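Heads up: the structure comes next, in structure tokens.
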Amino acid sequence: MKVERLMRGLARGLALLGGAVLLMLVAMICVSVAGNALARLGVAGFGPVRAGYELVELAVAFVVFAFLPLAQLDRAHATVEVFAARLPARANALLTRFWTLGMALAMVLIAWRLGAGTLAKARSGETTFLLALPIWWAYAACTGAAGVAALVSAWDALRWRA
Amino acid sequence: MSALALGIASFPLLLALIFARAPIGLAMFAVGAVGLTLVTGSPAMVLARLKTESFSTFSSYSLAVIPMFLLMGQFATRGGMSRTLFRAAGAWVGHWRGGLAMAAIVASAGFGAICGSSLATAATMGQVALPELRRAGYAGGFSVATLAAGGTLGILIPPSVVLVIYAILTETNIAHLFLAALLPGLLAALGYGVVIALYVRRYPEAATVMPARGNRGRATLALWPVAAIFALVVGGIWGGWFTPTEGAAIGAAGTGLMAWAGGGLDRAGLTEALLETARATAMIFFILLGAALYNGFLAYARVPQEMSAFVAGLGLGPFMVLGLILLFYLALGCVMDSLSMILLTIPIFWPLVSGLDFGLGAADTAVWFGVLVLIVVEVGLVTPPVGMNLFVITSLDRETPASAAYGPVLWFVASDMVRVLLLLAFPGIVLFLL
Numbered sequence: 047m048k049v050e051r052l053m054r055g056l057a058r059g060l061a062l063l064g065g066a067v068l069l070m071l072v073a074m075i076c077v078s079v080a081g082n083a084l085a086r087l088g089v090a091g092f093g094p095v096r097a098g099y100e101l102v103e104l105a106v107a108f109v110v111f112a113f114l115p116l117a118q119l120d121r122a123h124a125t126v127e128v129f130a131a132r133l134p135a136r137a138n139a140l141l142t143r144f145w146t147l148g149m150a151l152a153m154v155l156i157a158w159r160l161g162a163g164t165l166a167k168a169r170s171g172e173t174t175f176l177l178a179l180p181i182w183w184a185y186a187a188c189t190g191a192a193g194v195a196a197l198v199s200a201w202d203a204l205r206w207r208a
Numbered sequence: 156m157s158a159l160a161l162g163i164a165s166f167p168l169l170l171a172l173i174f175a176r177a178p179i180g181l182a183m184f185a186v187g188a189v190g191l192t193l194v195t196g197s198p199a200m201v202l203a204r205l206k207t208e209s210f211s212t213f214s215s216y217s218l219a220v221i222p223m224f225l226l227m228g229q230f231a232t233r234g235g236m237s238r239t240l241f242r243a244a245g246a247w248v249g250h251w252r253g254g255l256a257m258a259a260i261v262a263s264a265g266f267g268a269i270c271g272s273s274l275a276t277a278a279t280m281g282q283v284a285l286p287e288l289r290r291a292g293y294a295g296g297f298s299v300a301t302l303a304a305g306g307t308l309g310i311l312i313p314p315s316v317v318l319v320i321y322a323i324l325t326e327t328n329i330a331h332l333f334l335a336a337l338l339p340g341l342l343a344a345l346g347y348g349v350v351i352a353l354y355v356r357r358y359p360e361a362a363t364v365m366p367a368r369g370n371r372g373r374a375t376l377a378l379w380p381v382a383a384i385f386a387l388v389v390g391g392i393w394g395g396w397f398t399p400t401e402g403a404a405i406g407a408a409g410t411g412l413m414a415w416a417g418g419g420l421d422r423a424g425l426t427e428a429l430l431e432t433a434r435a436t437a438m439i440f441f442i443l444l445g446a447a448l449y450n451g452f453l454a455y456a457r458v459p460q461e462m463s464a465f466v467a468g469l470g471l472g473p474f475m476v477l478g479l480i481l482l483f484y485l486a487l488g489c490v491m492d493s494l495s496m497i498l499l500t501i502p503i504f505w506p507l508v509s510g511l512d513f514g515l516g517a518a519d520t521a522v523w524f525g526v527l528v529l530i531v532v533e534v535g536l537v538t539p540p541v542g543m544n545l546f547v548i549t550s551l552d553r554e555t556p557a558s559a560a561y562g563p564v565l566w567f568v569a570s571d572m573v574r575v576l577l578l579l580a581f582p583g584i585v586l587f588l589l
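So the protein lines, in turn, are chains A and B.
Heads up, my numbering is the position in the first sequence plus 46, with the first residue counted as 1.
Heads up, my numbering is the position in the second sequence plus 155, with the first residue counted as 1.
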């Protein structure tokens, strides 16, 4: 029970963190559009947020990864239920276990490979085009979130054994 | 087994997994990964791709429009505008026979102008309009069918999350797609209104006649926030003042302010809006990732090219092929949701359709096909056995089983079919604004 609360708290907390980043992106874009409009009206000293495009690209990846654990725990992923609904309850329970296990494997695979990708980007020293930010920073943040997704999904799959 | 044979065999396998209740994104991810491993002879390529593929799929400026439109929809549902819309529409047409049902359709169309999702529109309008319809003595099944059909206007009338996905998959201009969908969306609302008028003539006991209600001018003026947000967001995207992502951010901010001013966005409301956005976003992007891998496999196996060549070799007319594709969507829509269908099939169907000659330019064909697909996939939301909109609405009214709505729903679907035929015959309805 304690573990369940921890996992749910982790998924919810990370989703809210991603949501906060999304709200910040919304605010930044609004400021940028307003600044751009003022600049076009000839008001001196205003302009769009520099490289806002790049910031959106980097941040939105983290936002999505941060949303994944919650979607898994709350069974938010799209499925087709019509045919399975006709199967007996035991078969359905088996299917649920099987697919949560599959989801866990996929999440672990994704987190592992993203971690490898982070190391590769850190070694290559690749930076973003306009702001010259090291790309591996964004990769590392995403790997953290993907790691939580893998952890939560693995717990979700294994708890059925009890 | 050749790569091509594997690619072709993968599609029925994928459907089998999905019908066995695999999460759709996971099924595409797994079939794509295994397929790529088989055709390249080792897992090395998949493992190398996955180092960057998940990040690069999610890290997209144009895809950032999706969480922002979803957030906008969440705020819109908490903004209280659904009641204002229903009241204003009721003031104009509420006193006709079946008028309250028509008001629900008009209000749904209005809500669709600030919400890009069908389920959110159905759920929000349902909460407001269903109790009033039932109180006024409207039949349960008819009321549910009306609101479920009204919900599809959320997607048909721009902004629309499904159109955004279609635009990204086919590299079509989102502004053009939004503009093109507007008239068909309004036609849909008109068609539903006609259906209601015909239905209550045939079954007078399904609806009542109410006295005229409310002050028209005042009720209509109260709609200004909805009108302002729609004009700013959709007008700004059409006018080229800002990108779709910027438009969605501004829309999210605008509906957020509206919800906050209306008292619907306290701490608990904001948390719930963010969590609901998180669930829907993760669901869509996980399918996008699975689709990226699966489509990588299909492309490697040259399935889209071979499919196009095969269909071209059959010697069917272009309209025959298009008709078959639309029928396929209608059938699949009976069991699958619209976004999943688009992500699953557009990468295969679009190369095929773009190779056909309808006497339109390539860009126009993309827009026209997109709007047609949008309409037919939405039909699946209101038809049994898994019309999601029907489920959402009936969950609000414990007295009416979903099956009571099956009959009336067919009336609305008939009007959808008429509209599809109309757009097939006259592509100009879609294209004349471009």
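Backbone N, C-alpha and C fix where the C-beta goes; we use that ideal spot for every residue, glycine too.
Values in this document were obtained by computation on a predicted structure and should not be read as measured data.
Can you check which of these residues, the options, is closest to residue i by C-alpha distance?
i: E208 (chain B); options: B:V316, B:L376, B:L477, B:F184; result: B:F184
i: C489 (chain B); options: B:Y449, B:F513, B:P540; result: B:P540
i: C270 (chain B); options: B:I439, B:R289, B:F230, B:G296; result: B:F230
i: W393 (chain B); options: B:A336, B:T555, B:S273, B:R422; result: B:A336
i: A601 (chain B); options: B:A171, B:M227, B:S237; result: In the structure as shown, chain B starts at 156 and stops at 589, and residue 601 (chain B) therefore has no counterpart that could be examined.
i: G369 (chain B); options: B:G245, B:A322, B:M491; result: B:G245
i: V575 (chain B); options: B:V364, B:S493, B:G516, B:L477; result: B:L477
i: A278 (chain B); options: B:L551, B:E461, B:P556; result: B:L551
i: A467 (chain B); options: B:L444, B:G510, B:F546, B:T398; result: B:G510
Suppose you measure from the CA of residue i to the CA of residue j; what does that come to, to the nearest Å?
i: V72 (chain A); j: Y358 (chain B); result: 49 Å
i: A437 (chain B); j: G190 (chain B); result: 24 Å
i: F174 (chain B); j: L471 (chain B); result: 30 Å
i: A416 (chain B); j: G409 (chain B); result: 11 Å
i: L338 (chain B); j: V585 (chain B); result: 7 Å
i: A344 (chain B); j: F92 (chain A); result: 43 Å
i: L448 (chain B); j: I156 (chain A); result: 12 Å
i: W396 (chain B); j: L240 (chain B); result: 28 Å
i: A258 (chain B); j: L285 (chain B); result: 11 Å
i: L81 (chain A); j: E401 (chain B); result: Note on residue identity: the sequence assigns Gly, not Leu, to residue 81 (chain A). Roughly 13 Å between the two C-alpha positions.
i: L181 (chain B); j: R553 (chain B); result: 34 Å
i: A403 (chain B); j: F385 (chain B); result: 11 Å
i: G193 (chain A); j: W158 (chain A); result: 8 Å
i: R169 (chain A); j: A85 (chain A); result: 40 Å
i: A569 (chain B); j: E427 (chain B); result: 37 Å
i: G64 (chain A); j: A107 (chain A); result: 10 Å
i: S272 (chain B); j: P314 (chain B); result: 9 Å
i: T555 (chain B); j: M153 (chain A); result: 41 Å
For a cutoff of 8 Å on Cβ pairs, would you count residue i as touching chain B?
i: M53 (chain A); result: no
i: G193 (chain A); result: no
i: G88 (chain A); result: no
i: L68 (chain A); result: yes
i: L114 (chain A); result: yes
i: A166 (chain A); result: yes
i: E103 (chain A); result: yes
i: L56 (chain A); result: no
Can you list the residues of chain A that residue i reaches, using a CB-CB cut of under 8 Å?
i: Y484 (chain B); result: By Cβ distance, chain A contributes nothing, its closest Cβ being about 15 Å from Y484 (chain B), past 8 Å.
i: L181 (chain B); result: H123, W145, G148, M149, A152
i: E461 (chain B); result: Within 8 Å Cβ-Cβ: nothing; E461 (chain B) doesn't reach chain A, min ~27 Å.
i: E401 (chain B); result: I75, S78, V79
i: T426 (chain B); result: L62
Of all the CB atoms in chain A, is at least one closer than 8 Å to the CB of residue i?
i: R434 (chain B); result: yes
i: S214 (chain B); result: yes
i: A423 (chain B); result: no
i: I323 (chain B); result: no
i: F397 (chain B); result: yes
i: I405 (chain B); result: yes
i: M223 (chain B); result: yes
i: L202 (chain B); result: yes
Determine the chain A residues that contact residue i at a beta-carbon separation under 7 Å, and present them in chain order.
i: A198 (chain B); result: Inspection of the sequence shows that residue 198 (chain B) is occupied by Pro rather than by Ala. Near P198 (chain B) there are no residues of chain A at all, since even the closest Cβ is about 10 Å away, more than 7 Å.
i: F210 (chain B); result: A107, L160, G163, Y185, C188
i: P314 (chain B); result: Those within 7 Å of P314 (chain B) in chain A number zero; the least Cβ separation is about 15 Å.
i: F440 (chain B); result: V110
Give the interface partners of residue i over in chain B, defined as CB-CB distance under 8 Å, in chain order.
i: E50 (chain A); result: Within 8 Å Cβ-Cβ: nothing; E50 (chain A) doesn't reach chain B, min ~18 Å.
Just the chain A side, please: which residues come within less than 9 Å of residue i by C-beta, in chain order?
i: T207 (chain B); result: R159, L160, G163, A166, K167, Y185
i: L429 (chain B); result: A61, L62, G64, G65, A66, L68, L69
i: L226 (chain B); result: G65, L68, L69, V72
Mind checking the region 116–130 of chain A against chain B and listing, in chain order, the residues whose C-beta falls within less than 7 Å of any C-beta there? Per Cβ criterion, the list reads L116, A117, D120, A122, H123, A124, T125, V126, E127, V128, F129, A130.
Could you run through the region 466–497 of chain B and flag, in chain order, every residue whose CB is less than 9 Å away from some CB of chain A? Here the close residues are C489, V490, M491, D492, L494, S495.
Any C-beta of chain A within less than 8 Å: which residues of the region 156–186 of chain B qualify? Answer in chain order: I173, F174, A175, R176, A177, P178, I179, G180, L181, F184, A185.
Please list, in chain order, the residues of the region 517–544 of chain B that have any C-beta partner in chain A closer than 7 Å. Cβ contacts with chain A come from P540, V541.
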